[in-house]
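Some notes on the structure that comes next.
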Amino acid sequence: AQSVSQHNHHVILSEAASLELGCNYSYGGTVNLFWYVQYPGQHLQLLLKYFSGDPLVKGIKGFEAEFIKSKFSFNLRKPSVQWSDTAEYFCAVYNNNDMRFGAGTRLTVKP
Amino acid sequence: KAGVTQTPRYLIKTRGQQVTLSCSPISGHRSVSWYQQTPGQGLQFLFEYFSETQRNKGNFPGRFSGRQFSNSRSEMNVSTLELGDSALYLCASSQQGSEKLFFGSGTQLSVL
């Protein structure tokens, strides 16, 4: 079965700092890739997704992610974080009716 | 359009008991998947149902089971509860399973 690894358990940044959250997956075939976000007290919701085409995908709230097939990676980035970005971020990989999530990265943005 | 509805919202059980959790997907969604969320472990996949058939199963013991009804509603059952089963159980629905998932609020299960 495929697996998803998120490198950072907890990231603490100051407002306006740049963000990059790592995500690597184990499956070598064709996959669909996702980042989900869970704001405090809210449901998990989709941030962005990659199915095919341009490997640099843009999501909501200024987030983007780059799919690098050779590295089996799908890292999440944002040039300048805001206090409201404080949340838990989950990378997910879908293949063959199987959706797997990483352990999550908790992001704390200090005002 | 109503979102994914999970009941009950909170549940407290004791070791050895069994529990049934319910999930009503968004209307028109045929895929329902279940996840266990615990601090530090993230979301661990339990199983996915599509049109009343289990399409995929995660690495959980047989005490965890589920089913899906003809109206796409799904139930998850955990028998012989253990302390380690305490977690937030999330249900997610989608039209086919491969695209955007819509999550419910979850059922917070505490096993004493």
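Chains P and C are the protein sequences, given in the same order. Okay, so the first sequence: first residue is 330 according to the working numbering, each after it adds one. Okay, so the second sequence: first residue is 2 according to the working numbering, each after it adds one. The beta-carbon is built from N, C-alpha and C at its ideal position, and this holds for glycine as well.
Check: Alpha carbon of C/Gln37 to alpha carbon of C/Val5, nearest angstrom; Outcome: 16 Å
Check: Alpha-carbon to alpha-carbon, P/Lys378 and P/Glu393; Outcome: 9 Å
Check: Exposure of C/Glu49, with buried meaning 16 or more beta-carbon neighbours within 10 Å; Outcome: buried
Check: Unbroken stretches of the beta strand (DSSP E), 3 residues or longer, contained in the region 22–56 of chain C; Outcome: 32–39, 43–51
Check: P/Gly391, DSSP secondary structure in three states; Outcome: helix
Check: Proximity test, Cβ basis, 8 Å: C/Asn78 and chain P; Outcome: no
Check: Residues bridged to P/Trp321 [DSSP beta-bridge criterion]; Outcome: Since the displayed chain P opens at 330 and closes at 440, residue 321 of chain P lies outside it and no answer follows.
Check: Residue-level contact to chain P via CB, C/Gly41, 8 Å cutoff; Outcome: yes
Check: Distance, P/Lys387 Cα to P/Thr415 Cα; Outcome: 19 Å
Check: C-alpha gap between C/Gln96 and P/Leu385, whole angstroms; Outcome: 25 Å
Check: Chain P contact for C/Ser52 (CB, 8 Å cutoff); Outcome: no
Check: Reduced DSSP secondary structure (H/G/I, E/B, other) of C/Ser106; Outcome: coil
Check: Interface partners of P/Asp383 on chain C, CB under 7 Å; Outcome: Under the 7 Å cutoff, chain C gives no residues; its nearest Cβ is about 18 Å from P/Asp383.
Check: Own chain, CB closer than 6 Å to C/Leu84, minus 5 neighbours either side, in chain order; Outcome: Val112
Check: C/Gln69 versus C/Pro62, C/Met77, C/Gly63, residue with shortest Cα-Cα distance; Outcome: C/Met77
Check: Interface flag, P/Arg406 vs chain C, CB-CB below 8 Å; Outcome: no
Check: Buried or exposed by the 16-neighbour rule on C-beta atoms within 10 Å, applied to P/Leu344; Outcome: The sequence given here places Glu at residue 344 of chain P; Leu does not occur at that position. Classification of P/Glu344: exposed, given that the 10 Å Cβ count is below 16.
Check: 8 Å Cβ cutoff met for P/His372 and C/Ser66; Outcome: no
Check: Short Cβ contact (8 Å threshold) for P/Asn426 with P/Val360; Outcome: no
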